[in-house]
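Protein chains in written order, with this note's numbering: chain A, 38 to 557; chain B, 38 to 557.
All residues carry an ideal CB built from backbone N, CA and C; glycine is no exception.
Step one of this worksheet: look at the structure below.
Protein chains: 2
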Amino acid sequence: MNGARSLIRTLVAAGVDTCFMNPGTSEMHFVAALDDVPDMRGVLALFEGVATGAADGYARMRGTPAAVLLHLGPGLGNGLANLHNARKARVPVVVIVGDHALHHLQYDAPLTSDIETVARNVSPGWVHRSTSTVDLGRDAAAAVAASMGPPPQVATLILPADVSWTDGGVDGELTVPKARAAVDPDVIERLARVIRSGEPTALFLGGVALGERGLRAAGRLADAAGVKLMAETFPTRIERGAELHEPTRLSYLGDFAVMQLQPFQHLVLADATSPVSFFAYPGKESDLVPSTCEVHELAAPSAGLDVVAALEQLADAIGAPPAVDAPAGAVPERPTGALTAQTMAAAVAATLPEGAIVSDEAQTSGLFLAGATADAPRHSWLCLTGGSIGQGMPVAIGAAVACSDRRVLNLQADGSALYTLQSLWTQSREGLDVTTVICNNRSYSVLNMELQRVGADAVGPKALDMLDLHRPDIDFVSLAQGLGVPAVRVDTAEDLTRELERSYAESGPRLIEAMIPPVM
Amino acid sequence: MNGARSLIRTLVAAGVDTCFMNPGTSEMHFVAALDDVPDMRGVLALFEGVATGAADGYARMRGTPAAVLLHLGPGLGNGLANLHNARKARVPVVVIVGDHALHHLQYDAPLTSDIETVARNVSPGWVHRSTSTVDLGRDAAAAVAASMGPPPQVATLILPADVSWTDGGVDGELTVPKARAAVDPDVIERLARVIRSGEPTALFLGGVALGERGLRAAGRLADAAGVKLMAETFPTRIERGAELHEPTRLSYLGDFAVMQLQPFQHLVLADATSPVSFFAYPGKESDLVPSTCEVHELAAPSAGLDVVAALEQLADAIGAPPAVDAPAGAVPERPTGALTAQTMAAAVAATLPEGAIVSDEAQTSGLFLAGATADAPRHSWLCLTGGSIGQGMPVAIGAAVACSDRRVLNLQADGSALYTLQSLWTQSREGLDVTTVICNNRSYSVLNMELQRVGADAVGPKALDMLDLHRPDIDFVSLAQGLGVPAVRVDTAEDLTRELERSYAESGPRLIEAMIPPVM
Chain A
38 MNGARSLIRT LVAAGVDTCF MNPGTSEMHF VAALDDVPDM RGVLALFEGV ATGAADGYAR
98 MRGTPAAVLL HLGPGLGNGL ANLHNARKAR VPVVVIVGDH ALHHLQYDAP LTSDIETVAR
158 NVSPGWVHRS TSTVDLGRDA AAAVAASMGP PPQVATLILP ADVSWTDGGV DGELTVPKAR
218 AAVDPDVIER LARVIRSGEP TALFLGGVAL GERGLRAAGR LADAAGVKLM AETFPTRIER
278 GAELHEPTRL SYLGDFAVMQ LQPFQHLVLA DATSPVSFFA YPGKESDLVP STCEVHELAA
338 PSAGLDVVAA LEQLADAIGA PPAVDAPAGA VPERPTGALT AQTMAAAVAA TLPEGAIVSD
398 EAQTSGLFLA GATADAPRHS WLCLTGGSIG QGMPVAIGAA VACSDRRVLN LQADGSALYT
458 LQSLWTQSRE GLDVTTVICN NRSYSVLNME LQRVGADAVG PKALDMLDLH RPDIDFVSLA
518 QGLGVPAVRV DTAEDLTREL ERSYAESGPR LIEAMIPPVM
Chain B
38 MNGARSLIRT LVAAGVDTCF MNPGTSEMHF VAALDDVPDM RGVLALFEGV ATGAADGYAR
98 MRGTPAAVLL HLGPGLGNGL ANLHNARKAR VPVVVIVGDH ALHHLQYDAP LTSDIETVAR
158 NVSPGWVHRS TSTVDLGRDA AAAVAASMGP PPQVATLILP ADVSWTDGGV DGELTVPKAR
218 AAVDPDVIER LARVIRSGEP TALFLGGVAL GERGLRAAGR LADAAGVKLM AETFPTRIER
278 GAELHEPTRL SYLGDFAVMQ LQPFQHLVLA DATSPVSFFA YPGKESDLVP STCEVHELAA
338 PSAGLDVVAA LEQLADAIGA PPAVDAPAGA VPERPTGALT AQTMAAAVAA TLPEGAIVSD
398 EAQTSGLFLA GATADAPRHS WLCLTGGSIG QGMPVAIGAA VACSDRRVLN LQADGSALYT
458 LQSLWTQSRE GLDVTTVICN NRSYSVLNME LQRVGADAVG PKALDMLDLH RPDIDFVSLA
518 QGLGVPAVRV DTAEDLTREL ERSYAESGPR LIEAMIPPVM
């Protein structure tokens, strides 16, 4: 058994049975070994950023890692932006970066580069180079364990070609996954006192606190003690709709965020960090929490604590009754008329199927989505966690692979779509049930806003040209068809609503190019 | 004057008047300042790898750097693969990576990452973070000087947003570019003795030795002393055609390369490193030079020496007569019949316009190109220097921007095209005279070959599926049209020949999808 085979066997035994990949010569033994291990599924991507983003989406929905196979330093480079998003999402991903054979590195062949330093950027906690075939299985098991945390992380295993091709592989021994540690009871008692004091308190939820159990516990605190439920601006995954309590998401715009936080004397962090501005702006504070508000930590993301149990203990400590369903809202109406950011949101809300997974990278066009869909049937909502655009389409792939019985809806801004458009080909190849709505406003609309916010005055035509996506207009229907995904363009709310329903009724991917004027 | 303006003014004063960019919020002051400095041209790319590859192509043709503007660590990540190629090409590039304001870094906002470690991968010689506005102009001048070498390199300047937006910018003082140092006369005399010995000698040319002057000097050594002229497998830029001596390029296939080098007792390196295998293969040597051959260094690439003058001095030292034109070859005939790698090469050779620039990323479909085009009219040929695919289309952009009076022909493999396909949009937007021929064999054909070469036996269907680009077939005509470039598909040699000529007769970009069966 060569190293590659022992690696794949170990991954599968550890529950990692999907590998998103864009391999090259140094990974050919890994690829050849796929047929030796029937339970490993290889999913080909045309670009590495598709593979890494797919692994992120998979982990968000499955809770366990997928593997990603990349080709040397440049392949890792191409995958880096979405690994950055995965790192900020705090999800488990096992990255395998093929490298030259160990004895070949000294020759500085064209593809030689310093892989470790690049990997540290997204895998600060675990980067390891395998140097002998006999240890490769053990290294793979360690990579899986490291990725699972807690807290989960991106773990990078560098795989020299000769370690892969040499005989003598040994299956790695699996370690029992570590459990999340309990939050200190003193912390819970202290926070219970804060809540019982009656002083205005908000619970700021992030990470795993935004799953169903976490939200139900948080809902008890809201119902029993009037605690305001808030959530990170861009959560990794939030369960939403129907009977679940809906936390208010903190605004991306710092001025609004400060206003949202202003009423509170206490802010309790649950698997979230204290709110800060996404970017810095001249004359504005980076820290969004008013000085009159005290910040308390129930569980820091980096601590890997059992925040869900802690929320339940906190609800118990204040004597909150068992969870009850939030009141059902009105059934959203089907929109009519011109297609706008508002009617797009209404069309999504009116048609969203039960159990849908929404991959949201709609950017400015998505301004009205959260409000419109709060009362839709139960669904999962996935956000752009690290701010590196080009994540929505790959995440949709991973979510669809992880949950083949659920429809994935990718709400995707036009400019952002063009970083990882190759995703559509993998969606077609794998027959994934992904509906992509391109929100096409023909500009980097968010940058038009940011240009004003950063105080860049006296903006001239050359500057505006760098934010503009006309000249030429991009035809997403042609692009989708070129990559094997059927597509249609819509200009009205009725047409979007009809095409959404049509896509949900069919299997396989479909793209809808929605012509939506800029909201700002 | 804010920092951004002083930065752009300094760049323009230093001759860096083109900036390929994909900016975000932290770069908005740089973008806004474009209108303040009329001589700076901003070229927008939809993806960072397009911008970095374009800067590489620009530098290859202009000899001086373009700037690239990227958005924080993830933007650098997306641009990394083509910066790797630029590093291996040893061309000057000034990379400006925007970052958060200095006071904002402590908050670990979503887009925060460790930019320096990633930048070191492609800029090992010069990475600098500007920390005050008053120094920014000076830092920019230093970046330009560092990029120029000799030897040239990728220089990375990290630009915090507040350094950019704060007032107090000062124009940077330019340093006089360093000249390449002369090669030690003793080295030249020693090598002259080697050549005069009459023992079989090959001159292995790389880097700047493959320009017109270098080739003419090398031709004198070939004509006068029977020195065999050879060249790197994937040169940065080689001047070719008509009366120029054509060195034999070393084969990508190690076994063939060893056979090519076997006849020689001496191998003289001229701005090239000693030949090594691209990848390692089980049981094969990485060093391709036979043990019976002595390797001599006229000028190492890392030394930044004046290798062209040294070649002329060497020719003088052996008493070689002045350069004469190489004998003209036969005019290539126009091919007919089925479209194959052979007839594709013949069609290119029969129609190549005088002064064309060829960006060659045809991979296996390009097997016959070098032979077919050796006698074409004078042209420049640019190769994939670092092995990181997805470089040909962006390099075509940079070459066309640098040389607006020359036609650029990008011969592009299908699989490789899909890493940076967004290039077509920039070609359309800028009205660049780029003809793209997609050599579509619907597979990662080179990997089918490599799978055998690495000795991966018993290859099954799952492995082969990872190398296959059917399912679905990719329609490059649709993709090109979606990005604003007119396109046509051809199936015969006659149609390809006609469409090539048609594209050369028109201005602006055009794409030809050539259906070429795999050569292996």
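Item, Value
"So S515 of chain B contacts chain A; which residues on that side make the cut at Cβ distance below 8 Å?", "S515, L516, Q518 and G519"
"Give a yes or no on whether 8 Å exceeds the smallest Cβ distance from L44 of chain B to chain A.", "no"
"Quick check on the burial criterion: 16 or more other C-beta atoms within 10 angstroms. Buried or exposed for Q464 of chain B?", "buried"
"Using a Cβ cut-off of 8 Å (strictly closer), state whether S167 of chain A contacts chain B.", "no"
"Give the DSSP bridge partners of P197 of chain B, in chain order.", "B:D136"
"Is the segment 169-187 of chain B touching the segment 518-529 of chain A, taking contact as three or more C-beta pairs under 8 Å?", "no"
"Comparing C-alpha positions only, which one of A:T534, A:N478, A:H137 and A:T273 sits nearest to V491 of chain B?", "A:H137"
"Along the chain, where does the beta strand (DSSP E) containing H282 of chain B start, and where does it finish?", "H282 of chain B -> no beta strand (DSSP E), and no H or E assigned at all."
"Whose C-alpha, out of B:P554, B:S234, B:F84 and B:P523, is nearest the C-alpha of R539 of chain B?", "B:P523"
"For the segment 122-141 of chain B and the segment 89-107 of chain B, state whether three or more C-beta atom pairs, one from each stretch, are separated by less than 8 Å.", "yes"
"Keeping to the same chain, check which residues put their C-beta closer than 6 Å to that of A279 of chain B; ignore five residues upstream and five downstream.", "P414 and R415"
"Between the segment 88-118 of chain B and chain A, which residues of the former have CB atoms less than 7 Å from a CB of the latter, in chain order?", "G110, P111, G114, N115, L117 and A118"
"Mind the definition here: the segment 387-403 of chain B touches the segment 438-457 of chain B only if three or more C-beta pairs lie below 8 Å; say whether that holds.", "yes"
"Applying the criterion that 16 or more other CB atoms from any shown protein chain within 10 Å of the CB defines a buried residue, is D292 of chain B buried or exposed?", "exposed"
"Rounded to whole angstroms, what's the CA-CA distance from L419 of chain B to A407 of chain A? Just pull it up for me.", "50 Å"
"With respect to the alpha helix (DSSP H) encompassing L351 of chain B, which residues constitute its N-terminal and C-terminal limits?", "V344 to A354"
"Give me, in chain order, the residues of the same chain whose beta-carbon lies closer than 7 Å to that of A317 of chain B; leave out the 5 immediate sequence neighbours on both sides.", "S323"
"Whole angstroms is fine: what's the gap from R371 of chain A's alpha carbon to A383 of chain A's?", "7 Å"
"When the Cα atoms are used, what is the spatial distance from V474 of chain A to I549 of chain A?", "5 Å"
"If we ignore side chains and look at the alpha-carbon of each, how far apart do C330 of chain A and S63 of chain B end up?", "29 Å"
"Secondary structure at A307 of chain B, three-state DSSP: helix, strand or coil?", "strand"
"In the DSSP output, what is G79 of chain B paired with across the bridge?", "B:C56"
"Got a sec: is the Cβ-Cβ distance from T170 of chain B to anything in chain A below 8 Å?", "no"
"Run down chain B in chain order and give the residues with a C-beta less than 8 Å from the C-beta of R157 of chain A.", "D151 and T154"
"If we cut at 8 Å on Cβ distances, does L290 of chain B have a partner in chain A?", "no"
"With 8 Å as the threshold, decide whether the Cβ of M430 of chain B is near any Cβ in chain A.", "no"
"In whole angstroms, what separates the C-alpha of R444 of chain A from that of R547 of chain A?", "11 Å"
"What in chain B is Cβ-close to M552 of chain A, meaning under 7 Å?", "In chain order: nothing, as chain B lies at least about 15 Å away."
"Out of curiosity, what's the CA-to-CA distance linking A20 of chain A and L488 of chain A?", "The question about residue 20 of chain A has no answer here: the residues shown for chain A are numbered 38 through 557."
"Cβ of K215 of chain A less than 8 Å from any chain B Cβ?", "no"
"At least one CB of chain B closer than 8 Å to the CB of A138 of chain A: is that the case?", "yes"
"Between L117 of chain A and L211 of chain A, what straight-line distance do the alpha-carbon atoms span, to the nearest angstrom?", "28 Å"
"Classify A365 of chain A: buried if its beta carbon has 16 or more other beta carbons within 10 angstroms, exposed otherwise.", "exposed"
"Within its chain, find whatever has a CB closer than 7 Å to the CB of G86 of chain B; leave out the 5 residues flanking it on each side and keep chain order.", "N115, G116, A118, N119, G427, P431, Y456 and T457"
"When you compare the CB positions of H282 of chain A and L266 of chain A, do they come within less than 8 Å of one another, or not?", "yes"
"Alpha carbons only, please: which of A:A229, A:D54, A:V332 and A:S311 is nearest the one belonging to V181 of chain A?", "A:D54"
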